[in-house]
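The next block holds one structure in the form of structure tokens; read it before the comments.
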Amino acid sequence: MSAFWQGFRLLLPLWPGMIPFAVAYAVTARGAGLSLWDTCLMSLTVFAGASQFAAAGQFVGASCRWRPPWHW
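Residues in the sequence shown are numbered consecutively from 1445, following my numbering.
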């Protein structure tokens, strides 16, 4: 068995806990006005869940002056 599949099999018990968090973040980010691309990009690059929620809150609250260039 390859190392990838062995790791995948070992992480299966964590999926039930990750899926509700992922759905909650997606709903929050989309509600904040982030595009599907922005939401996926943040999920792939930010590995701290609370930071994702904080950033989405900053975008919706307009307290963050910086916007990604594709939103100008």
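From the three backbone atoms N, C-alpha and C, an ideal C-beta is built for every residue, glycine too.
Residue i versus residue j: straight-line alpha-carbon distance, rounded
i	j	result
alanine 1476	phenylalanine 1465	16 Å
valine 1504	serine 1446	43 Å
glutamine 1502	tyrosine 1469	14 Å
glycine 1461	tryptophan 1481	23 Å
glycine 1493	tryptophan 1459	15 Å
tryptophan 1449	leucine 1488	20 Å
proline 1457	isoleucine 1463	11 Å
leucine 1517	threonine 1483	In the structure displayed, the chain extends from 1445 to 1516; residue 1517 sits before or after that span and is not available.
Limits of the unbroken alpha helix (DSSP H) element including residue i
i	result
valine 1490	Per DSSP, valine 1490 belongs to no alpha helix (DSSP H) and is neither H nor E.
methionine 1462	1459 to 1475
leucine 1454	1447 to 1455
Expected contact under 8 Å - CB spacing of residue i and residue j to nearest Å
i	j	result
phenylalanine 1497	threonine 1472	6 Å
alanine 1500	leucine 1478	7 Å
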